[in-house]
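Just so it is clear: in the sequence shown, position 115 is 114 by numbering that gives the first Met the number 0, and no numbers are missing. Ideal Cβ positions, reconstructed from N, Cα and C, are used throughout, including at glycine. Before any comments, here is the structure.
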Amino acid sequence: MRTIQFIFLLTIPFLIACDGNTDYEWIIQNNTDGLIIAEAVVKGSDERITKTVEQNEDITIALNGSLGGSSVQYEPAEMFERLIIQKENGEESLKDYMMMSSWEAIIEQTNKMPSNYQHTYILTVETIHF
0 MRTIQFIFLL TIPFLIACDG NTDYEWIIQN NTDGLIIAEA VVKGSDERIT
50 KTVEQNEDIT IALNGSLGGS SVQYEPAEMF ERLIIQKENG EESLKDYMMM
100 SSWEAIIEQT NKMPSNYQHT YILTVETIHF
(Lines of atoms letter the chains of each structure in order from A and count residues from 1; the text may use other names and numbers.)
(Lines give C-alpha, C1' and ligand atoms only; values in the text may rest on other atoms or scores of the structure.)
Protein backbone atom coordinates (compact mmCIF):
# COMPACT_ATOMS: atom_id res chain seq x y z
CA MET A 1 0.00 0.00 0.00
CA ARG A 2 2.85 2.39 0.81
CA THR A 3 4.36 1.72 -2.63
CA ILE A 4 1.14 2.82 -4.34
CA GLN A 5 1.01 6.00 -2.23
CA PHE A 6 4.65 6.73 -3.02
CA ILE A 7 4.11 6.27 -6.77
CA PHE A 8 0.99 8.45 -6.62
CA LEU A 9 2.88 11.23 -4.84
CA LEU A 10 5.67 11.08 -7.43
CA THR A 11 3.24 11.38 -10.36
CA ILE A 12 1.29 14.40 -9.05
CA PRO A 13 3.84 17.03 -10.25
CA PHE A 14 3.88 15.46 -13.71
CA LEU A 15 0.11 15.41 -13.95
CA ILE A 16 -0.14 19.02 -12.85
CA ALA A 17 2.52 20.11 -15.36
CA CYS A 18 0.87 18.35 -18.30
CA ASP A 19 -1.56 21.18 -19.04
CA GLY A 20 0.86 23.38 -20.91
CA ASN A 21 0.14 26.92 -22.00
CA THR A 22 -0.52 28.96 -25.12
CA ASP A 23 0.73 32.55 -25.37
CA TYR A 24 -0.66 34.99 -27.93
CA GLU A 25 1.01 38.17 -29.19
CA TRP A 26 -0.78 40.57 -31.54
CA ILE A 27 1.53 42.91 -33.51
CA ILE A 28 0.77 45.79 -35.84
CA GLN A 29 3.34 46.52 -38.53
CA ASN A 30 3.14 49.94 -40.19
CA ASN A 31 4.21 49.87 -43.84
CA THR A 32 2.34 53.04 -44.76
CA ASP A 33 3.82 56.37 -45.77
CA GLY A 34 3.20 57.89 -42.32
CA LEU A 35 2.10 57.46 -38.75
CA ILE A 36 -0.96 55.32 -37.93
CA ILE A 37 -3.07 54.97 -34.80
CA ALA A 38 -4.46 51.61 -33.73
CA GLU A 39 -7.37 51.50 -31.33
CA ALA A 40 -8.53 48.18 -29.91
CA VAL A 41 -10.90 46.87 -27.29
CA VAL A 42 -10.13 43.35 -26.08
CA LYS A 43 -13.16 41.11 -25.53
CA GLY A 44 -14.11 40.82 -21.88
CA SER A 45 -12.49 44.16 -21.07
CA ASP A 46 -13.74 47.72 -21.16
CA GLU A 47 -10.20 49.01 -21.53
CA ARG A 48 -9.44 50.79 -24.78
CA ILE A 49 -5.90 50.23 -26.07
CA THR A 50 -4.54 53.04 -28.21
CA LYS A 51 -1.12 52.73 -29.83
CA THR A 52 0.67 55.11 -32.14
CA VAL A 53 2.75 53.27 -34.71
CA GLU A 54 5.45 55.17 -36.58
CA GLN A 55 6.22 54.47 -40.24
CA ASN A 56 8.17 51.18 -40.66
CA GLU A 57 7.65 50.30 -36.99
CA ASP A 58 6.15 47.19 -35.36
CA ILE A 59 4.33 47.41 -32.05
CA THR A 60 2.60 44.85 -29.85
CA ILE A 61 -1.01 45.85 -29.34
CA ALA A 62 -2.10 42.97 -27.11
CA LEU A 63 -0.80 39.95 -25.21
CA ASN A 64 -2.83 37.13 -23.72
CA GLY A 65 -2.58 33.48 -22.88
CA SER A 66 -4.61 30.42 -22.08
CA LEU A 67 -4.12 27.23 -20.14
CA GLY A 68 -3.44 24.23 -22.34
CA GLY A 69 -1.12 24.02 -25.32
CA SER A 70 -2.91 24.61 -28.63
CA SER A 71 -1.78 24.96 -32.23
CA VAL A 72 -5.25 26.11 -33.35
CA GLN A 73 -5.34 29.66 -34.74
CA TYR A 74 -7.02 32.23 -32.52
CA GLU A 75 -9.32 34.43 -34.60
CA PRO A 76 -8.99 38.21 -34.25
CA ALA A 77 -12.78 38.41 -33.73
CA GLU A 78 -12.35 36.16 -30.68
CA MET A 79 -9.66 38.46 -29.28
CA PHE A 80 -10.90 41.94 -30.14
CA GLU A 81 -14.28 43.52 -29.59
CA ARG A 82 -13.17 46.29 -31.91
CA LEU A 83 -10.03 47.17 -33.87
CA ILE A 84 -9.72 50.42 -35.77
CA ILE A 85 -6.69 51.57 -37.73
CA GLN A 86 -6.50 55.18 -38.85
CA LYS A 87 -4.06 57.68 -40.24
CA GLU A 88 -2.94 60.69 -38.25
CA ASN A 89 -5.55 62.80 -40.08
CA GLY A 90 -8.38 60.51 -38.86
CA GLU A 91 -8.91 58.61 -42.13
CA GLU A 92 -9.94 55.05 -41.25
CA SER A 93 -8.61 51.97 -42.99
CA LEU A 94 -11.04 50.17 -45.29
CA LYS A 95 -9.59 46.71 -44.66
CA ASP A 96 -11.42 44.29 -42.33
CA TYR A 97 -8.87 43.54 -39.63
CA MET A 98 -11.26 41.26 -37.76
CA MET A 99 -10.75 38.53 -40.37
CA MET A 100 -7.89 36.04 -39.95
CA SER A 101 -6.97 36.42 -43.63
CA SER A 102 -5.77 39.96 -42.82
CA TRP A 103 -3.16 38.63 -40.37
CA GLU A 104 -0.01 36.56 -40.73
CA ALA A 105 -0.01 33.76 -38.15
CA ILE A 106 3.22 32.27 -36.80
CA ILE A 107 2.53 29.34 -34.50
CA GLU A 108 5.36 27.42 -32.93
CA GLN A 109 5.53 24.75 -30.29
CA THR A 110 8.09 25.92 -27.73
CA ASN A 111 7.94 22.84 -25.53
CA LYS A 112 6.54 19.34 -26.00
CA MET A 113 6.01 18.29 -22.40
CA PRO A 114 4.11 20.13 -21.14
CA SER A 115 2.82 21.28 -24.48
CA ASN A 116 3.51 25.02 -24.84
CA TYR A 117 2.79 27.14 -27.89
CA GLN A 118 3.66 30.69 -28.92
CA HIS A 119 1.26 32.35 -31.36
CA THR A 120 2.35 35.57 -33.02
CA TYR A 121 -0.18 37.38 -35.19
CA ILE A 122 1.13 40.18 -37.40
CA LEU A 123 -1.14 42.73 -39.02
CA THR A 124 0.67 44.58 -41.82
CA VAL A 125 -0.94 47.91 -42.64
CA GLU A 126 -0.19 49.31 -46.12
CA THR A 127 -0.96 52.71 -47.66
CA ILE A 128 -3.39 51.06 -50.11
CA HIS A 129 -5.62 50.02 -47.17
CA PHE A 130 -6.81 53.64 -46.87
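Assign residue i to buried or exposed, taking buried as 16 or more other Cβ atoms, counted over all protein chains shown, within 10 Å of its Cβ.
| i | result |
| --- | --- |
| Asn55 | exposed |
| Ser70 | exposed |
| Ala37 | buried |
| Thr21 | buried |
| Asn88 | exposed |
Using three-state DSSP, classify residue i as helix, strand or coil.
| i | result |
| --- | --- |
| Glu77 | helix |
| Asp31 | One detail in the question is off: residue 31 reads as Thr in this sequence, not Asp. Thr31: coil per DSSP, three-state reduction. |
| Ser69 | coil |
By Cβ distance below 7 Å, which residues in the same chain neighbour residue i in space, the five residues on each side in sequence not counted?
| i | result |
| --- | --- |
| Tyr96 | Pro75, Leu82, Ile84, Leu122 |
| Ser92 | Ile84, Gln85, Val124, His128, Phe129 |
For residue i, which residues from the same chain have a beta carbon less than 6 Å from its beta carbon, with the 5 sequence-adjacent residues on both sides left out?
| i | result |
| --- | --- |
| Val32 | Sequence inspection shows Asp at residue 32; the Val mentioned does not correspond to that position. The answer, listed in chain order, is Thr126. |
(message) Does the structure place the segment 19-34 close enough to the segment 50-66 that three or more beta carbon pairs sit under 8 Å?
(response) Cβ pair count under 8 Å is three or more, so yes.
(message) Does the contact criterion of 3 or more C-beta pairs under 8 Å hold for the segment 61-81 versus the segment 41-52?
(response) The segment 61-81 vs the segment 41-52: in contact.
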